[in-house]
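Heads up: the structure comes next, in structure tokens.
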Amino acid sequence: MDYLYEETSKTFKEAEIFLPLIPVKSHKKIAFILLLFSFLFTILFKLTKYKETAKKIYKAKLIIYALASCIFFGFSAIYLICAIGIYA
Numbered sequence: 001m002d003y004l005y006e007e008t009s010k011t012f013k014e015a016e017i018f019l020p021l022i023p024v025k026s027h028k029k030i031a032f033i034l035l036l037f038s039f040l041f042t043i044l045f046k047l048t049k050y051k052e053t054a055k056k057i058y059k060a061k062l063i064i065y066a067l068a069s070c071i072f073f074g075f076s077a078i079y080l081i082c083a084i085g086i087y088a
């Protein structure tokens, strides 16, 4: 686990040369809105009875959560692409 943390930290430091995706002042507002959407998708996931629909809702929820995480922590576009790739 420590190795993974060290490698991730190293990657973050190397990628700091990229410009932020959006201005820092609006990060938390946008992330909060996305987290609310993620919560709504969680409710939809719990209420749906069809497995295929549930899979699509769950995947959308994870992608929205990845977007919110990246925006909240002010990561640049490279992190956003990686997060969506991991969750999708």
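In full-length UniProt numbering, the protein residues as written are 1 to 88. Note that CB positions come from ideal geometry on N, CA and C, so glycine has one too.
Burial of residue 65 is indicated by the presence of at least 16 other C-beta atoms within 10 angstroms of its C-beta. Using a Cβ distance threshold of 7 Å, residue 68 and residue 34 count as a contacting pair. With a cutoff of 7 Å on beta-carbon distance, residue 57 and residue 41 are scored as near each other. Straight across, the Cα-Cα distance linking residue 36 with residue 54 is about 18 Å.
Sequence-distant Cβ neighbours of residue 61 in its own chain, meaning closer than 7 Å and more than five residues away, are 38, 41, 42 and 45. In the structure shown, residue 53 adopts helical secondary structure according to DSSP, grouped into three states.
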